[in-house]
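In the working numbering, the protein residues as written are -17 to 329.
Glycine included, every Cβ here is placed at the ideal spot set by N, Cα and C.
Keep in mind the model is a prediction, meaning the values are calculated, not measured.
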Amino acid sequence: MSAAADESKILSRAAAPEEAQFERQLRPRSFAEYVGQEEAVASLRVSVAAARQRAECVDHVLLYGPPGLGKTTLAGVIANEMATNLVATSGPAIERGADLMGILTNLSEKDVLFIDEVHRLSRVVEELLYPAMEDFSVNFVIDRGMHARTLKYALRPFTLVAATTRPGMLSAPLRERFGIFQHLDFYSEGELTRIVTRSASILGASIDPGGAAEIARRARGTPRIVNRLLRRVRDYAQVHGDGLIAGAITRDALDREGVDARGLDRLDRRFLGAIVDHYGGGPVGIEAVAATINDEAESLAEMVEPYLLKIGFLVRTPAGRRVSREAYLHLGKQPPAGPGGQGGLFQ
Ligand code: ADP
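Here is the structure:
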């Protein structure tokens, strides 16, 4: 596990294994329960309704966006709304062609196959997936050398819902085989407030509007994090208060966890701090920052950067990443005076 994942467990963008059960409990099961992502939901509702009317399966769907935004949840919703099963796996879990064959040949008609982290499928597995997606068949090669023959095996029609945090890493032939593309973006505070209020009621926790808003504000736009923070604050409020998740006790609990008023954790601050202290605020390449804070460039690009870019603390330039004036102020540091006064480069 990288230092990134280790140190900032509370804000880790991936689900920890012990969270699986908890996440399942809170996962919306229908479009009506799924909060936010209105464009994606509206469009998928139409696709599902049309497929149901024609008694066909939904076109293959590619969902992309940062971790914890509801891609797995949406795959489950599609399966439920189609009244079929969800079979979930992930790119790294399908090691060999035979693994994929096993999964595909066991699917029932109209099932939804969910492949998380689809950009991590091996080449061989990916190539097997092409005919499966295109005309619901797989090709077996039997015998070797001059006797080698290919047998075509028909599959039952299914829908592939694939998710990726790195759409740029998908090969063109794979990308072209999806009929529906949906980008999931960070949630607004209002949406996160609805999610945390709903989750609290499922868990039987008492929360007031001040507590809900505070958790939503510090959840970096991500439902997975809103639910995780809720769990931490619920424990804290039970031990240090009367159990009610109110504004003040929430601030107290999250300050102690190292989650600041904008939802940044220690890793986020270390990342920004490294650019400020070692590279004069940037521009600097992510590899250099990763080496400075002894972390992996890939996990920083996937888990730390997107939200900092979203809130404008980080700016992408052709020469690398630059820390914004607002981020300097948030870190309690003096922004450099640029040529245009007022921080010059800094908008
Ligand atoms: P991803 O697959 O994108 O990493 P998940 O689908 O696993 O994210 O979502 C993480 C958790 O966040 C889920 O357990 C679910 O409870 C919650 N969640 C995600 N999206 C929503 C949503 N739109 N409304 C309510 N809760 C959500």
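Secondary structure at His165, three-state DSSP: helix, strand or coil?
The count along the sequence shown starts at 1 and reaches residue 165 at position 183. Strand at His165.
Any beta-carbon of chain D closer than 8 Å to the one on Tyr261?
Given the protein chain composition of this structure (a single chain), no chain D is represented.
Counting C-beta neighbours from all protein chains within 10 Å, is the total for Arg252 16 or more, i.e. buried, or is it exposed?
By one-based count along the sequence shown, residue 252 stands at place 270. Result: buried.
Any heavy atom of the ligand ADP within a distance shorter than 7 Å of the CB on Leu185?
Residue numbering aside, residue 185 sits at position 203 when the sequence shown is read from its first letter. Not under cutoff, so the answer is no.
Should Ser281 go down as buried or exposed, given a rule of 16 or more other Cβ atoms within 10 Å for buried?
Here the question's residue 281 lines up with position 299 in the sequence shown. Label assigned to Ser281: buried.
Quick check: Leu68 and Phe96, are their CB atoms within less than 8 Å of each other?
Along the sequence shown, one-based indexing puts residue 68 at 86. Along the sequence shown, one-based indexing puts residue 96 at 114. A contact, by the Cβ cut-off of 8 Å.
Considering just the uninterrupted stretch of the beta strand (DSSP E) at Ser72, what are its terminal residues?
Here residue 72 refers to the residue found at position 90 when the sequence shown is read from its first residue. From DSSP, the beta strand (DSSP E) with Ser72 extends over Leu68 to Ser72.
Please report the distance separating the alpha-carbon of Gly205 from that of Asp259.
By one-based count along the sequence shown, residue 205 stands at place 223. By one-based count along the sequence shown, residue 259 stands at place 277. The residue you asked about is not Gly; residue 205 is Pro in the sequence shown. C-alpha separation (whole angstroms): 32 Å.
Flag Tyr16 as yes when its Cβ comes closer than 7 Å to any non-hydrogen atom of the ligand ADP, and as no otherwise.
One-based indexing of the sequence shown puts residue 16 at position 34. Checking every heavy atom of the ligand ADP against the Cβ of Tyr16, one is found closer than 7 Å.
With three or more C-beta pairs closer than 8 Å as the rule, is the region 43 to 52 touching the region 142 to 158?
A contact exists between the region 142 to 158 and the region 43 to 52.
Cβ atoms of Arg126 and Gly58: under 8 Å apart, would you say?
The residue you call residue 58 lines up with position 76 of the sequence shown. The residue you call residue 126 lines up with position 144 of the sequence shown. Cβ atoms of Gly58 and Arg126: not closer than 8 Å.
Tell me the rounded alpha-carbon separation between Lys292 and Ser170.
Taking the sequence shown and counting its residues from 1, one reaches residue 292 at position 310. Taking the sequence shown and counting its residues from 1, one reaches residue 170 at position 188. Going from the Cα of Lys292 to the Cα of Ser170 covers about 11 Å.
Go ahead and pull the three-state DSSP assignment for Phe295.
The residue you call residue 295 lines up with position 313 of the sequence shown. Residue state, collapsed to three classes: coil.
So, with DSSP's three-state summary, where would you put Tyr46?
In the sequence shown, residue 46 corresponds to position 64, counting from 1. Reduced to three states, the DSSP call for Tyr46 is strand.
Rounding to the nearest angstrom, what Cα-Cα distance links His101 and Cys39 in this structure?
Mapped onto the sequence shown, residue 101 falls at position 119. Mapped onto the sequence shown, residue 39 falls at position 57. Distance between the alpha carbons of His101 and Cys39 is about 24 Å.
How about Arg206: is its Cβ closer than 7 Å to a heavy atom in the ligand GTP?
In the structure shown, the ligand GTP is absent; the only ligands present are the ligand ADP.
Going by DSSP, which residues form a beta bridge with Arg131?
Within the sequence shown, residue 131 is the residue found at index 149, counting from 1. According to DSSP, which records beta bridges pairwise, Arg131 is partnered with Ile124.
Identify whether Arg202 lies in helix, strand or coil by the three-state DSSP scheme.
Start at 1 with the first residue of the sequence shown, and residue 202 comes out as number 220. If DSSP states are grouped into helix, strand and coil, Arg202 belongs with coil.
Short of 6 Å in beta carbon distance, which residues of its chain neighbour Leu290, apart from the five on each side in sequence? Order them along the chain.
What you label residue 290 is simply residue 308 of the sequence shown in a count that begins at 1. Excluding positions up to five away in sequence, the list reads Leu296.
Using a Cβ distance threshold of 8 Å, determine whether the region 299 to 311 contacts the region 227 to 237, with at least three qualifying pairs required.
Touching, no.
So the alpha helix (DSSP H) Phe253 belongs to, where does it begin and stop?
By 1-based counting over the sequence shown, the position of residue 253 is 271. That run of the alpha helix (DSSP H) goes Arg248 to Tyr261.
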